[in-house]
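Q: Could you have a look at this structure, given as structure tokens, before my questions?
Residue numbers (our numbering): 459 to 723.
Here it is in structure tokens:
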């Protein structure tokens, strides 16, 4: 397939970064080198496979054998250098952020090259950036970073994809676009920095509802109740107290005031 050398190089580096993150995660969970290779393949190639299938073209990972080199190289690097790595969690996040920045750019450009509308190209860029990490985390029995509310993940990928769309489609000083080698490196770098700063400072998006989450709800609210059904006669309703709670509260007040507890009904 005819891919510009710069884009091919950026894509292969992104595959390597994601594959490193997969192998580091395997090492952190005491998975052997074969499992690390599998996680590296999923992380490095998964997002691109999903993107190309949606585009209706032969996936690059299958059409270009060179795409299989970075995952194997990443497995070898982690196997040889792993004993000297101490802050594995930081490295996992760092390499994952590097792959995120590179893939959101390359995925968006590839979608635009295949005639996708801007909105579709933006979506495919985000899928390319997050799909492999999602597969890696699910297989490794980790909460996917996409669903982790403690920091930002999809937003840096979306920002990088949006900047790529603007760079490719915006006319500046009579030129058809501002896309070039400098911009092709600057956008992934910005997305990487955005992701790492958000992770370090623990920026997060709002909860599903303002000031509310299931963590703060008493377990009785969920006991035996349907999400959409009305509470039955034996189910607890917020704001209502049952008889046992009223009796216990009255007995406690009576003991503090010197009165004997009143008999139970």
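C-beta: ideal position from N, C-alpha, C; glycine also. Remember, it's a predicted structure, so these values are computed and weren't measured experimentally.
1) Mind checking whether residue 533 and residue 591 have CB atoms under 8 angstroms apart?
2) Measure from the alpha carbon of residue 484 to the alpha carbon of each residue in 499, 586 and 472, then state which is nearest.
3) Would you mind working out which of 511, 528 and 555 sits nearest residue 618, comparing C-alpha positions?
4) Could you work out which residue in 603, 636 and 461 is closest to residue 550 when comparing CA atoms only?
5) In whole angstroms, give me the CA-to-CA distance for residue 475 and residue 576.
6) Residue 649: buried (16+ other C-beta within 10 angstroms of its C-beta) or exposed?
7) For residue 557, name the three-state secondary structure that DSSP assigns.
8) Among residues of its own chain, excluding the 5 on either side of residue 516, which ones have a beta-carbon nearer than 6 angstroms to its beta-carbon?
9) Determine the burial state of residue 490: buried for a count of at least 16 other Cβ atoms within 10 Å of its Cβ, exposed for fewer.
10) From what residue to what residue does the alpha helix (DSSP H) around residue 639 run?
11) Say whether the region 553-571 touches the region 460-469, bearing in mind that this needs 3 or more beta-carbon pairs closer than 8 angstroms, one atom from each stretch.
12) Could you give the first and the last residue of the continuous alpha helix (DSSP H) run that contains residue 537?
13) Quick one, are the C-beta atoms of residue 597 and residue 497 less than 8 angstroms apart?
14) Suppose you measure from the CA of residue 574 to the CA of residue 514; what does that come to, to the nearest Å?
15) Would you say residue 583 and residue 622 are within 8 angstroms of each other, going by their C-beta atoms?
16) Considering only their Cβ atoms, is the gap separating residue 653 from residue 445 smaller than 8 angstroms?
A: The structure says:
1) Against the chain shown, residue 533 aligns to sequence position 75. Against the chain shown, residue 591 aligns to sequence position 133. Not in contact: residue 533 and residue 591 (Cβ atoms no closer than 8 angstroms).
2) Locating residue 484 in the chain shown gives position 26, counting from the first residue. For the residues 499, 586 and 472, the minimum Cα distance to residue 484 belongs to 499.
3) As a first step, residue 618 must be located in the chain shown, where it is residue number 160. For the residues 511, 528 and 555, the minimum Cα distance to residue 618 belongs to 555.
4) Here residue 550 corresponds to residue number 92 of the chain shown, with the count starting at 1. Nearest of 603, 636 and 461 to residue 550, Cα basis: 603.
5) Position 17 of the chain shown, counted from the start, is the residue given in the question as residue 475. Position 118 of the chain shown, counted from the start, is the residue given in the question as residue 576. Near 27 angstroms, if we compare the C-alpha coordinates of residue 576 and residue 475.
6) Residue numbering aside, residue 649 sits at position 191 when the chain shown is read from its first letter. Residue 649 is buried by the Cβ-count criterion.
7) Here residue 557 refers to the residue found at position 99 when the chain shown is read from its first residue. Residue 557: helix per DSSP, three-state reduction.
8) Indexing the chain shown from 1 puts residue 516 at position 58. Around residue 516: no qualifying Cβ.
9) For the purposes of this step, residue 490 is identified with residue 32 of the chain shown, where counting begins at 1. Exposed is the call here.
10) Numbered from 1 along the chain shown, position 181 holds the residue referred to as residue 639. Counting along the chain, the alpha helix (DSSP H) containing residue 639 begins and ends at 639-659.
11) yes
12) For the purposes of this step, residue 537 is identified with residue 79 of the chain shown, where counting begins at 1. Residues 527-539.
13) Position 139 of the chain shown, counted from the first residue, corresponds to residue 597. Position 39 of the chain shown, counted from the first residue, corresponds to residue 497. Yes, the Cβ-Cβ distance between residue 597 and residue 497 is below 8 angstroms.
14) If you number the chain shown from 1, residue 574 lands on position 116. If you number the chain shown from 1, residue 514 lands on position 56. Looking at the two C-alpha atoms, the distance is approximately 12 angstroms.
15) Along the chain shown, read from residue 1 onward, the residue named residue 583 stands at position 125. Along the chain shown, read from residue 1 onward, the residue named residue 622 stands at position 164. Cβ distance < 8 angstroms, so residue 583 and residue 622 count as in contact.
16) The chain is shown from 459 up to 723; residue 445 falls before or after that span and cannot be answered.
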